[in-house]
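Down below is the structure, laid out as structure tokens.
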Ligand code: ATP
Ligand code: AMO
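Residue numbers (full-length UniProt numbering): 83 to 545.
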């Protein structure tokens with residue numbers, strides 16, 4: 083039996099459960115309460131000294147001497163409380179018969195779990211009541227992540243993340259994509275940028291892969307038609323923002339295109355509508371748990387994902403008074419504003435913006451056939467922030483060499499990649515998703531560090 087399984091139906095049953103002693107409340111020499119927690123669930127254990135139950139006053143004393151977060155086994159009988167329980171998730175109690183401490187925690191933990199689990203509203207209420215509560219900053223939480231991860235919200239966040247990844251795999255397998263693993267030790271930058279971690283590879287200069295980009299395309303050249311990958315992505319970003327990590331989980335896909343790169347957008351539409359539905363229908367407990375600490379509005383999305391051209395987006399921003407350079411990139415603020423405008427006008431917080439100016443996209447992006455100043459590319463947004471970049475790719479070596487050179491990349495450094503397109507390469511396109519961003523934005527969390535188990539940002543390598 084797990085703590086989360088304990089409900090009214092279990093009343094009268096003997097159970098053996100293991101959990102962390104989240105709270106210990108002595109009442110008298112003869113009575114004490116111990117709240118046991120297992121992942122997102124908590125239950126109240128009642129110790130009453132009585133000869134009938136075989137519970138001694140020593141046992142009650144032993145229970146009250148436990149340090150918080152010690153791991154405890156409890157044997158007892160499930161009972162119904164006299165009044166609804168406010169402090170626990172489970173609405174039953176356990177009348178303890180036996181209690182064993184499996185492993186003690188140190189007496190004073192570096193962060194107090196109850197403080198770590200409080201919502202902003204709780205802090206505000208306490209402040210108004212003149213009570214002093216300790217707010218635990220993001221950095222302190224991350225320093226003691228092994229404790230911080232125990233909060234119900236964190237337990238829920240990483241369960242949601244697992245579901246997103248799982249749904250991603252499931253969806254791609256159902257669409258006949260093949261899962262691949264591309265190398266993470268590579269010879270140069272794959273996105274054409276400078277943000278790479280450099281290292282020595284048996285005496286040769288090398289770097290950590292900035293994306294599976296070149297290799298997922300070469301897998302298409304290798305005859306796989308449709309591929310996907312879930313793997314680490316490394317970016318030597320010097321971006322101390324709420325949404326940049328130096329290592330994140332990339333969900334990548336690449337596929338042959340038969341007629342139009344919108345076939346790739348259709349995959350994204352199907353994939354994300356399936357993910358959102360799955361989360362809303364099957365992860366209610368997790369979403370409610372996150373909501374208790376970090377309240378958020380459910381994501382608004384349409385059954386058929388809205389697609390807007392970049393020009394339409396610029397036009398909407400212009401009409402709302404934001405001047406954007408028509409052929410430049412959108413900055414974070416403009417993206418957020420566009421997110422708000424689209425929500426007002428179309429009632430969705432999930433949309434695809436396509437046909438970006440070629441100049442703001444990576445060298446491998448296919449220019450538009452009708453106007454090469456634009457490209458067959460797109461970004462996808464949740465609540466006004468980017469979660470996906472994607473595009474049709476150039477599949478001829480001549481144009482690829484030309485575009486690489488125009489983008490300041492020495493084509494000889496990516497010769498084997500470019501050559502792959504001279505052996506017979508089908509038209510293709512794909513996209514890359516940042517897993518941590520999807521979870522952060524679906525749950526409207528304010529910092530990507532909350533959705534990375536042990537985040538790597540420009541400052542943090544430990545723990
Ligand atoms: P990509 O996936 O293309 O890297 P991204 O979301 O990581 O997208 P960038 O393309 O690197 O973002 O940049 C997009 C926008 O993010 C920039 O136009 C800029 O406004 C903002 N941005 C990036 N880095 C920083 C930073 N260090 N500080 C503030 N804003 C930043
Ligand atoms: P891009 O560089 O836009 O595209 O990355 C794809 C997606 O990855 C996420 N992302 C990040 N997440 C956390 N921290 C970061 N520093 C970070 N940088 C990017 C975002 C982004 O949308 N090869 C292309 C994809 C493709 O065209 O297939 C690429 O890497 O969610």
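Yeah, the Cβ is synthetic: ideal placement off N, Cα and C, and Gly gets one too. Treat the numbers as computed from the prediction; the structure is a model and nothing was measured.
- With respect to residue 130, residue 141 sits apart: the two C-beta atoms are not nearer than 7 angstroms.
- Ranked by how close their Cα comes to the Cα of residue 360, the residues 309, 459, 252, 463 have 252 in first place.
- Going by DSSP, residue 311 is part of the beta strand (DSSP E) stretching over 308-316.
- Residue pairing for residue 115: DSSP places it in a beta bridge opposite 107, 128.
- If you look at residue 511, you'll find it in the beta strand (DSSP E) that goes 510-516.
- CA-to-CA, the gap between residue 539 and residue 303 works out to about 34 angstroms.
- Listed in chain order, the non-local C-beta contacts of residue 345 below 6 angstroms within the same chain comprise 339, local neighbours out to five positions each way being set aside.
- Closer than 6 angstroms to some heavy atom of the ligand AMO: that does not describe the Cβ of residue 511.
- Each of 288, 541, 377 was checked against the Cα of residue 323, and the nearest Cα belongs to 541.
- The C-alpha of residue 242 is placed about 28 angstroms away from the C-alpha of residue 206.
- Distance from the CA atom of residue 514 to the CA atom of residue 120, rounded to whole angstroms, is 35 angstroms.
- Taking 3 residues as the shortest admissible run, the segment 115-199 contains the following complete beta strand (DSSP E) segments, listed from N- to C-terminal end: 123-130, 153-161, 175-185.
- By the neighbour-count criterion, in which 16 or more other beta carbons inside 10 Å mark a residue as buried, residue 483 falls on the buried side.
- An exposed status is given to residue 342, since fewer than 16 other beta-carbon atoms sit within 10 Å of its beta-carbon.
- Straight through space, the alpha carbons of residue 178 and residue 93 are spaced by roughly 13 angstroms.
- Per the C-alpha coordinates, the member of 445, 423, 96, 450 positioned closest to residue 436 is 450.
- The C-alpha of residue 204 is placed about 11 angstroms away from the C-alpha of residue 213.
- Cβ-Cβ distances below 8 angstroms link residue 148 to 103, 106, 116, 154, 183, 186 in the same chain, with the five nearest sequence neighbours on each side left out; the list follows chain order.
- In terms of Cβ geometry, residue 259 and residue 316 do not form a close pair [threshold 7 angstroms].
- Non-local beta-carbon contacts of residue 416 in its own chain, meaning distances under 8 angstroms to residues more than five positions away in sequence, involve 399, 404, 406 in chain order.
- For secondary structure counted as the alpha helix (DSSP H) over 4 or more consecutive residues, the segment 473-501 holds these complete runs in sequence order: 479-488.
- Distance from the C-beta of residue 327 to the nearest heavy atom of the ligand AMO is below 6 angstroms.
- For residue 283, the uninterrupted beta strand (DSSP E) run begins and ends at 280-283, by DSSP.
- In chain order, 179, 180 place their CB closer than 8 angstroms to the CB of residue 136, counting only its own chain and leaving out the 5 sequence neighbours on each side.
- Taking 6 angstroms as the cut-off, one finds no heavy atom of the ligand AMO near enough to the beta carbon of residue 213.
- Taking every protein chain shown into account, the CB of residue 244 has fewer than 16 other CB atoms within 10 angstroms, so this residue is exposed.
- Secondary structure within the segment 307-367: the alpha helix (DSSP H) runs of 4 or more consecutive residues, fully enclosed, are 344-364 (chain order).
- In this structure, 458 is the residue among 269, 481, 165, 458 with its C-alpha nearest to the C-alpha of residue 472.
- Put simply, the segment 272-292 does not touch the segment 515-523. Fewer than three CB pairs are less than 8 angstroms apart.
- When secondary structure is reduced to three states using DSSP, residue 465 falls in the coil class, being assigned neither helix nor strand.
- In the structure shown, residue 395 falls within a helical segment according to DSSP collapsed to helix, strand and coil.
- Within 10 angstroms of the beta-carbon of residue 446 lie 16 or more other beta-carbons, which makes it buried.
- Scanning its chain for C-beta atoms nearer than 7 angstroms, with the 5 sequence neighbours on each side dropped, one finds around residue 279 the residues 289, 290, 316, 318, in chain order.
- If one requires a minimum length of 4 residues, the alpha helix (DSSP H) runs lying completely within the segment 198-273 are 202-210, 220-225, 227-230, 234-256, in chain order.
- Relative to the non-hydrogen atoms of the ligand AMO, the Cβ of residue 186 never comes closer than 6 angstroms to any of them.
- Residue pairing from DSSP places residue 97 in a beta bridge opposite 158.
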